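J.: For the record, in the sequence shown the residue sitting at position 68 is 212 according to the numbering used here, with numbers rising by one throughout.
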Amino acid sequence: MKSTKADRVENRIGLERVYALLEAYRSGRLGGEKMPEEENPGLDRGSLENYIYFTLPMALNYQRNSYILWECANKAWHDEGTRDIYSIAAVADMSDDELREKLMRHKVALQRTRHPNTWKTLCRTFRNDFGGDVRRLLWENEYSVQRIKAYMTEHRKEFPYLSGNKISNYWLYVLEQYTDTRFTDREYITVAPDTHVIQASVQLGVISREEVAGTKVQKLVAARWQELLKGTELAPIDLHTPLWLWSRGKFQVEI
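1) Judging by CA-CA distance, which residue of E160, K178, I232, P337 is the nearest neighbour of E193?
2) Return the Cβ separation of K219 and H250 in integer angstroms, given the expectation that the two are a contact with Cβ distance under 8 Å.
3) How is S307 classed by DSSP in three states: helix, strand or coil?
4) Leaving out five residues on either side along the sequence, give the residues of the same chain with a beta carbon under 8 Å from the beta carbon of P180.
5) Quick check: what's the CA-CA separation for V341 versus Y317?
6) Exposed or buried, what is V162 when buried is set at 16 or more other beta-carbons lying within 10 Å of its beta-carbon?
7) Work out the CA separation of E371 and M248 for me, nearest whole Å.
8) At which residue ranges does the region 267-334 contain complete alpha helix (DSSP H) runs of 4 or more residues, listed in the order of the chain?
9) How about W283 and M202: do their beta carbons lie closer than 8 Å?
10) From K394 to L387, what distance separates their C-alpha atoms?
11) Quick one: measure Cβ to Cβ for A379 and R326, integer angstroms, because I've assumed they're closer than 8 Å.
12) Less than 8 Å separating the beta-carbons of H289 and Y332?
13) Out of C216, L165, R256, E167, state which residue places its alpha-carbon closest to the alpha-carbon of N184.
14) Please work out which residues of its chain come closer than 6 Å, Cβ to Cβ, to S391, disregarding the five sequence neighbours upstream and downstream, and give them in chain order.
15) Measuring straight from C-alpha to C-alpha, what distance separates V365 and G358?
16) Tell me which same chain residues have a C-beta within less than 8 Å of the C-beta of R256, skipping the five on either side of it?
17) At the level of alpha carbons, what is the spacing between L200 and K363?
18) For K219, which three-state DSSP category applies?
19) If we count the other Cβ atoms within 10 Å of its Cβ and call it buried at 16 or more, is H384 buried or exposed?
20) Helix, strand or coil for M248, going by three-state DSSP, please let me know.
21) Could you tell me which whole alpha helix (DSSP H) segments of length 4 or greater appear in the region 358-383?
Structure, rendered in structure tokens:
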């Protein structure tokens, strides 16, 4: 459907506020609080260990405090008795009881069955299909966001939770931030519509308060940001951290 003059004016106003939000973020007015994933062992960005560290805990990052999850993940790495939860080969052959005990020792896992099952399924997928190397999923799909997400969606049972709409986009964003990965089509990493991003999108008028109650609000938020930023130099995921911090700060900074 052809856009109307009113639509174009609304989008222009929306973009003005988006750039104002980015400026507030870059100037430090949204706060300097670290993001959850900054709790990490500081591994070499291109190493397999680094990719594994930023992949496996991500699949357990639902309905819980992200800061606490990554603190627990870092503790597990620094504990010699639990570090092998980050070894794909070791986990793939580990007994369920041993894996459960190790994942729960530092509360990386909170659910006794589902979380260990998710962790082991991912390790077996990477062992069986990618030679134990997380990076192969990326390079076999030519570092294309569209191809990676399509592959994971097609094989969603082999990528529990990691293939979900919210987590998959946020995982790709985290890889871009903390590893040496550079995607060829990063504009297809949509915003990861968690609670903070959704509320900030409402505040900016990208979606309405009534639309938040819908069952497909996450897909709606992602689609609206994709449309709003079309033709700009920005990718939707560039707005994730500013939106997240703005909401977490209870919108005290006027945009």
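Just so it is clear, CB atoms sit at the ideal spot from N, CA and C, and this is done for glycine as well.
As the structure is a prediction and not an experimental result, all values here were calculated from the model.
T.: Working from what's here:
1) Answer by Cα proximity: I232.
2) Right, their Cβ atoms sit about 4 Å apart.
3) It is coil, neither helix nor strand.
4) The answer, listed in chain order, is S210, Y211, L213, W214.
5) Distance between the alpha carbons of V341 and Y317 is about 14 Å.
6) It counts as buried.
7) The C-alpha of E371 is placed about 42 Å away from the C-alpha of M248.
8) When DSSP assignments are scanned along the region 267-334, the uninterrupted stretches of alpha helix (DSSP H) that are 4 or more residues long and fall wholly within it turn out to be 278-283, 289-298, 309-322.
9) No.
10) About 11 Å.
11) In fact, because the Cβ distance is near 13 Å, the residues do not count as touching under 8 Å.
12) Checking the displayed sequence, the identity of residue 289 turns out to be Val instead of His. Taking 8 Å as the cut-off, the Cβ atoms of V289 and Y332 count as close.
13) Per the Cα distances, C216.
14) Residues H340, Q343, A344 of the same chain have their beta carbon placed closer than 6 Å to that of S391, with the five preceding and five following residues left out of the count.
15) Using only the alpha carbons, I get a separation of about 11 Å.
16) Only R244, M248 meet the Cβ criterion.
17) Taking the straight line from one Cα to the other gives about 24 Å.
18) Three-state result, K219: helix.
19) Buried is the call here.
20) Reduced to three states, the DSSP call for M248 is helix.
21) Counting only runs of 4 or more, we get 361-372.
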